[in-house]
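>
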Amino acid sequence: MGSEIPKATPFRDSKGNTIKHKLLWGKVANLKETLPKVHVVHILGHQRVGIHVAGNTLADEAAKSAVAVATVAAVTRSSSKPDTEISATIKATADGTPFPKGFPSKYSYCMGSMLNAVVKIPGVGVREMPNKVERPQLIPAAHEGAASAHAGVAATISILQARYWWPGLYKETKQYVLCCDICQQIKVSTARRPQQTPLLISNKPLQCVYLEHCGPLSQDSAYKYILVAVDSCSRFVWVWPQRSADARTVIKDLRIFVDTFAVAAFHSDQGPAFASKAFRDTMPSLGVQLQFLPPFHPEGNSVVERLNRDLKQSLTARVIGTGRSWLDHLYGVQRALNNLPRRSLGGRTSYECLFGTQMYVPDLDGPGVEMAETSFDINDRVTVLQDLQQFREDNSSASAACTGIKDDPVTPTGWIPRIGDLVREKVAVKKEFGPSYRVPVPVLGISGTRTVILPPLHGAKGNRFVSIDNVKLQHVADSAQQTKRDTQ
């Protein structure tokens, strides 16, 4: 029973067969459990090791041990020095002199063990006051230790206050937790954002035009998409059938539109055609400003989104009624939508708000209408626009009074994005056990009250328009705090 497994390399089992696969080492374990007196002798390595390699290995192990011993010795030496702050506090308690800054006089201080003081807090109890060398070590232990696992600010402070007290505990702990890189990658920001504000509606026609693609539609024709443009002031609609929703087709259709109507700005989402470099370069060269929505916020383009629904419903109704293709009814539906009275326009039609007169409808007005009855007066158009502006102002004030929205939508605990701030963008598709936010990047610009302009992602081109709902402010340690932490 005192026999041993052969010491030769490679190892052999009880039958003398060579153990080639690592799974066969289970036989050795079973043999050890069955026969405890059998000894397994393991030979280090299957290759011969030179004396120089073995010497280097021993030297590395000795160096690591020396570094560990030196580190412990340095901490011990620094901890053995008397803390001037604690000494001054104890002396002030004994002499009755003023206490150092940050030490309440209603607390009782006395010397404890390990060169630390003991503080008696009225109504709380006795707490230990560590010296300045131990404090930076206690905060990471309370925040990242096994009993906390990256707890929040309040929880980390509670863990420390249950055992310790020192002046500045709350401030130092809060600064450390807020600047924790791991917490900023995985935790959601609780800072309040500005409230959502309604879309800014211009009081002059063609100051801002909303753009959107409708489609893809049915394959009964060569055209699959509809480019929709809606005037912010009058809600007038323009449509263009398109074979593909690429930048080249969009630029071709909008170039004539811009030259004809002198549009001031386009407001659109970040679709491939609108976010392309060609579109971004061409429109500003024609004198048109570009305004982009942040991703996943279609409510920012609600005017044209609602009109797309009406457009599809009207096209469907005419296709079912006639059996012809939707392309045959597209411009007829456009004309009908511009002649519909709208509640947002005070009961007026889009045609009337844009041109100042009623649209000529052959089915209602008849073919023999006289020119005098349809004559155009510029004063009528000005009057319509003035009435529309007054209607919107009254409606806006009444809506604000009902909802209780205040003039200042930002709460004291919120934050307003500023150019140069470091922010972290939320990851669109989060991996399991992966970070929830990207690395911090600076804010390059501000678009409106709830959209920031960020640098492009790695490998991409062009800046990105991101909602502040998808970013959070990056907390950076103060320069003095960071210098103090680096020196300790």
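Everything in the sequence shown is counted per UniProt numbering, starting at 1 for the first residue and increasing by one. Ideal Cβ placement from N, Cα and C applies to all residues, glycine included.
Just reading off the alpha helix (DSSP H) that Q137 is part of, what are its end residues?
In the sequence shown, counting from the first residue as 1, residue 137 sits at position 137. R135 to E144 is the span of the alpha helix (DSSP H), which, as asked, contains Q137.
> Can you give the beta carbon distance from H475 to Q184, rounded, assuming they're within the 8 Å contact cut?
For the purposes of this step, residue 475 is identified with residue 475 of the sequence shown, where counting begins at 1. For the purposes of this step, residue 184 is identified with residue 184 of the sequence shown, where counting begins at 1. Right, the Cβ-Cβ distance comes to about 7 Å (below 8 Å), so this counts as a contact.
> Taking 8 Å as the cut-off, does the segment 273-285 touch the segment 167-180 (at least 3 CB pairs, one atom from each stretch)?
Short answer: they don't touch.
> Determine the DSSP secondary structure at R127, reduced to helix, strand or coil.
Counted from its first residue, the sequence shown places residue 127 at position 127. Strand.
> In three-state DSSP terms, what is M111?
As a working note, residue 111 is residue 111 in the sequence shown. Of the three classes helix, strand and coil, the one that applies to M111 here is strand, per DSSP.
> State the beta-bridge partners of T451 as determined by DSSP.
As a position in the sequence shown, residue 451 is number 451, starting the count at 1. S447 and S467.
> For L160, count neighbouring Cβ atoms within 10 angstroms of its own Cβ and tell me buried if that reaches 16, exposed if not.
Numbered from its first residue, the sequence shown carries residue 160 at position 160. Label assigned to L160: buried.
> So, with DSSP's three-state summary, where would you put C208?
Counted from its first residue, the sequence shown places residue 208 at position 208. Coil, per DSSP.
> Nearest to V303 by CA position, among F236, G347 and W415, is which residue?
Here residue 303 refers to the residue found at position 303 when the sequence shown is read from its first residue. Of F236, G347 and W415, the residue nearest in Cα terms is F236.
> Is it right to say K472 is buried, meaning 16 or more other beta carbons lie within 10 angstroms of its own, or is it exposed?
For the purposes of this step, residue 472 is identified with residue 472 of the sequence shown, where counting begins at 1. Buried: at least 16 other Cβ atoms inside 10 Å.
> From the DSSP output, which residues share a beta bridge with P442?
Sequence index remark: in the sequence shown, residue 442 carries index 442 (1-based). DSSP lists L422 as partners of P442.
> Using the Cβ count rule (16 or more neighbours within 10 Å means buried), how would you classify residue 501?
Look at the range of the chain in this structure, 1 to 488, and you will see that residue 501 is not part of it.
> Measuring alpha carbon to alpha carbon, tell me which residue in A273, L254 and G271 is nearest Q264.
Residue 264 sits at position 264 when you count from the first residue of the sequence shown. Residue identity differs from the one stated: residue 264 is Ala in this sequence, not Gln. Per the Cα distances, L254.
> I believe F274 touches L211 by the beta-carbon criterion, under 8 Å. Please report the beta-carbon distance rounded to the nearest angstrom.
If you number the sequence shown from 1, residue 274 lands on position 274. If you number the sequence shown from 1, residue 211 lands on position 211. At roughly 7 Å, the Cβ-Cβ gap stays under 8 Å, so F274 and L211 are in contact.
> Could you check what DSSP says for F257 in three-state terms: helix, strand or coil?
Locating residue 257 in the sequence shown gives position 257, counting from the first residue. Helix.
> For residue 555, which residues does DSSP report across the bridge?
Since the displayed the chain opens at 1 and closes at 488, residue 555 lies outside it and no answer follows.
> Is it a yes or a no for the segment 164-173 touching the segment 445-460, going by three-plus beta-carbon pairs under 8 Å?
Judged by Cβ distances under 8 Å, the segment 164-173 makes no contact with the segment 445-460, as fewer than three pairs qualify.
> What's the C-alpha gap between T156 and Q242?
One-based indexing of the sequence shown puts residue 156 at position 156. One-based indexing of the sequence shown puts residue 242 at position 242. One C-alpha to the other measures close to 59 Å.
> Taking Cβ positions, are V118 and V126 nearer each other than 9 Å?
Residue mapping note: residue 118 aligns to position 118 of the sequence shown, counting from 1. Residue mapping note: residue 126 aligns to position 126 of the sequence shown, counting from 1. Going by C-beta atoms, V118 is nearer than 9 Å to V126.
> Quick one: is I139 buried, meaning 16 or more other Cβ sit within 10 Å of its Cβ, or exposed?
Taking the first residue of the sequence shown as position 1, residue 139 is located at position 139. The residue is buried, with at least 16 neighbouring Cβ atoms inside 10 Å.
> Have a look at L327, E305 and S158 and flag the residue whose alpha-carbon is nearest the alpha-carbon of A222.
To locate residue 222, count along the sequence shown from 1; it is residue 222. Ranking the options by Cα distance to A222, first place goes to L327.
> Please go through the same chain and pick out, in chain order, the residues whose beta-carbon is closer than 8 Å to the beta-carbon of I90, but skip the five residues on each side of it.
Translated into the one-based positions of the sequence shown, residue 90 becomes position 90. Within the same chain, I90 has close Cβ partners Y109, C110, M111 and A117.
> Bridge partners for S268 per DSSP, in chain order?
Numbered from 1 along the sequence shown, position 268 holds the residue referred to as residue 268. According to DSSP, which records beta bridges pairwise, S268 is partnered with F292.
> What is the rounded straight-line gap between the Cα of S158 and the Cα of A146?
By 1-based counting over the sequence shown, the position of residue 158 is 158. By 1-based counting over the sequence shown, the position of residue 146 is 146. Roughly 15 Å separates the two Cα atoms.
> Buried or exposed: where does L286 fall if 16 or more other Cβ atoms within 10 Å of its Cβ makes it buried?
Within the sequence shown, the letter at position 286 stands for residue 286. Classification for L286: exposed.
> Within 10 Å of its beta-carbon, does A229 have 16 or more other beta-carbons around it, so buried, or fewer, so exposed?
As a first step, residue 229 must be located in the sequence shown, where it is residue number 229. A229 comes out buried.
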